[in-house]
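One structure is given here, and the rest of the page talks about it.
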Amino acid sequence: MSALHDAAIKAYYYNRAGMALDPAFAGKWHREAGHTDTHVINLNEPKNSLASPKGWYDAGDYNKYIVNSGISTYTLMRAYLDFPDFYAQRRWNIPESTNNQPDLLDEISWNLDWMLTMQDTDGGVFHKLTTLNFAPAVMPAEATEQRYVVAKGTAASLNFAAVMATAARVYPQQQSNFLAAAKRAWQWALENPQVAYKNAQNVKTGEYGDSSFNDEFAWAASELFITTGEQDYLIEAQRYLGSPSTPGWSDTMGLAYLSLLSEQGQNALPAERYQTLKTRFLDYADALVKTSQASPFRTAMTANDFVWGSNGVAMNHAMVLASAYRMSNDPAYLHTFTGLVDYVLGKNPVDYSYVTGFGEISPRFIHHRQSHADGIAEPVPGFLVGGAQNGQQDNCQYSASLPATSYKDNWCSYSTNEVTINWNAPLVYSLAAMLTLTE
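Residue numbers (my numbering): -16 to 422.
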């Protein structure tokens, strides 16, 4: 389990943009640097350009998206905040492993540095850094199409504000810089509360579109309150806070609950309010437990959860349940949590461990450009693939059509066999929780 955890977090190193991967750290998956992003054109103002280096490639493609980076970066910081002793001395052989900072924080910093470059001078945040079309299946250094930043939006700005406010707690030496950036993005969102991002006609890459922002406002306000203790942020958080839900890039309400209930330090919620939110959260966790009890695979997932990225749903369920267990010590939550981890590791209807490089049968032909183009038989290890779902949005031929069995280990199956940073993040959290809570 320790090796699996370390591979799952090291997958982010393999997906770093703008860095050559040295054999000393990457082994046979070493490669040249791609996408230094020193001259990125503003799509809406083509005469203007900016430097926007570093960050992680989002998924099987080579673009970088603020909204998906938001939940991914937060979830990794949540793992550090919840299990600091576990990460204090843990190393997995990345270039920064010899410094005095935990490897997890070094890895997160690579993406935080990029996110900071995406904030415009008025505080708003560009939605994504992208090519106009998805790159062909080539190595990063060979994908040389011009890259652009696109329009600013409310979702991107609030994701950014939430992440930077959290980072201000995780990196005390950089607190003032992160917090100032968070406040500027928050103010932009207050002044532009309904700016939904839509791809321009000539942009064909992932949209990550969202037009409902109550969850992002609740999350960003919660993080700003926890960091600053300022009551205005608590008022805004309570204004927007709805029912708890399983986190996803388009629904961040659950992240607000995780932070408000996990961090009862100096800037704590009033006791009565804390108890109300805790009751809501545990009621939601109880519903997941009840669902799992009717499942032969203990998944806590209904047919509606088998969507694009169903394994990400499973791992976010697991994160909710691990958090519920930490709050209550109720073994029912721990039992359901471990069942979900078992599910993605092979106890499922297709008998696949859904994590590359681990298990008797695991994905080999993932929708990940580097793994497809590098000429190496084995894919980059440690990636969680999207998993079964019967939308079948690609041109693959599937042998099954039921939601939990419609999976294909093939490059063509981007709807079930792609990898993304937001699915790996709750896997990392869940494995850290497993190693901490069950030993």
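A virtual CB, placed ideally from N, CA and C, is assigned to each residue, including glycine.
Since the model is a prediction, treat every value here as computed from it, not as a measurement.
Beta-carbon separation of F8 and N83 under 8 Å?
No Cβ-Cβ contact shorter than 8 Å links F8 with N83.
Does the segment 116 to 136 come into contact with the segment 25 to 44, if we say contact requires no fewer than three beta-carbon pairs (one atom in each stretch) closer than 8 Å?
By the Cβ rule, the segment 116 to 136 counts as touching the segment 25 to 44, because three or more pairs are nearer than 8 Å.
The segment 102 to 113 in contact with the segment 47 to 55 per 3-pair CB rule at 8 Å:
Because the criterion of three Cβ pairs below 8 Å is met, the segment 102 to 113 and the segment 47 to 55 touch.
Rank F264, H18, D377, V333 by C-alpha distance to the C-alpha of H300 and give the top, closest one.
Looking at the Cα atoms, F264 is the closest of the given residues.
The beta strand (DSSP E) with E28 in it runs from where to where?
Taken as a continuous stretch (DSSP letters only), the beta strand (DSSP E) holding E28 covers 28 to 33.
Specify the secondary structure class of Y390 as computed by DSSP and reduced to three states.
Here Y390 sits in coil by DSSP.
I think N405 touches S159, with their Cβ atoms under 8 Å apart; what is that distance to the nearest whole Å?
Not quite, the Cβ-Cβ distance comes to about 28 Å (not below 8 Å), so this is no contact.
Only counting runs of 3 or more residues, tell me where the beta strand (DSSP E) segments fall wholly within the segment 20 to 78, in order along the chain.
Within the segment 20 to 78, the complete beta strand (DSSP E) runs of at least 3 residues fall at 23 to 25, 28 to 33.
Note the first and the last residue of the continuous beta strand (DSSP E) segment covering L112.
Unbroken beta strand (DSSP E) run through L112: 111 to 113.
Does the distance from the CB of A239 to the CB of W202 come in under 8 Å?
Less than 8 Å separates the beta-carbon of A239 from that of W202.
Sub-8 Å separation of G365 and G329 beta-carbons
No, they are not a contact pair.
For the alpha helix (DSSP H) that W291 lies in, which residues bound it at each end?
From DSSP, W291 is part of no alpha helix (DSSP H); its letter is neither H nor E.
Output needed for H351: all residues of its chain with C-beta closer than 6 Å, excluding positions within five of it in sequence on either side, in chain order.
Excluding five sequence positions before and after H351, the CB atoms of its chain that fall closer than 6 Å to its own CB belong to G43, V402, given in chain order.
Excluding sequence positions up to five away, which residues of its chain have a Cβ less than 7 Å from the Cβ of S275?
Excluding residues within five positions, the ones whose Cβ falls inside 7 Å are R281, T282, A283, T319, G322.
On the DSSP bridge assignment, give the partners of H102 in chain order.
Just to set this straight, residue 102 is Gln in the shown sequence, not His. Residue pairing of Q102 in beta bridges, as defined by DSSP: V108.
Is G231 helix, strand or coil when you go by DSSP?
Note: G231 maps to strand in three-state DSSP.
Applying the 10 Å Cβ sphere with the 16-neighbour rule, what's the burial state of K391?
By the neighbour-count criterion, in which 16 or more other beta carbons inside 10 Å mark a residue as buried, K391 falls on the buried side.
By a C-beta neighbour count over all protein chains shown, 10 Å radius and 16 as the cutoff for buried, is S345 buried or exposed?
Taking a 10 Å sphere around the C-beta of S345, we find 16 or more other C-beta atoms and assign the residue as buried.
Just to confirm my understanding: we take Y412, look at its own chain, exclude 5 residues before and 5 after, and list those with CB closer than 6 Å. What are they?
Exclusion of the five residues before and after Y412 leaves T58, A62, M302 as the residues of its chain whose Cβ lies within less than 6 Å of its Cβ.
Rounded to whole angstroms, what's the CA-CA distance from A138 to N182? Just pull it up for me.
It is roughly 14 Å from the alpha-carbon of A138 to the alpha-carbon of N182.
Touch test, the segment 171 to 189 against the segment 226 to 245, Cβ-Cβ under 8 Å, three pairs minimum:
The segment 171 to 189 vs the segment 226 to 245: no contact.
Pick from G212, A126, T421 that is closest to H18, judged by C-alpha positions:
The alpha carbon of H18 has as its nearest neighbour, out of G212, A126, T421, the alpha carbon of A126.
K30 versus W232 - alpha carbon distance
The alpha-carbon atoms of K30 and W232 are separated by roughly 32 Å.
Assigned exposure category for A277 - 16 Cβ within 10 Å defines buried
When all chains shown are included, A277 counts as exposed.
Between S311 and S245, how many whole angstroms is the CB-CB distance? I'm expecting something under 8 Å.
About 13 Å; that fails the 8 Å criterion.
How big is the Cα-Cα spacing for G292 and Q372?
Here the C-alpha atom of G292 lies approximately 8 Å from the C-alpha atom of Q372.
Check whether S168 and F143 have beta carbons under 8 Å apart
According to the sequence shown, residue 168 is Ala rather than Ser. Result yes, Cβ atoms of A168 and F143 sit closer than 8 Å.
Taking the runs of the alpha helix (DSSP H) that are 4 residues or longer, which of them lie wholly in the segment 152 to 201?
The segment 152 to 201 contains these whole alpha helix (DSSP H) runs: 158 to 174.
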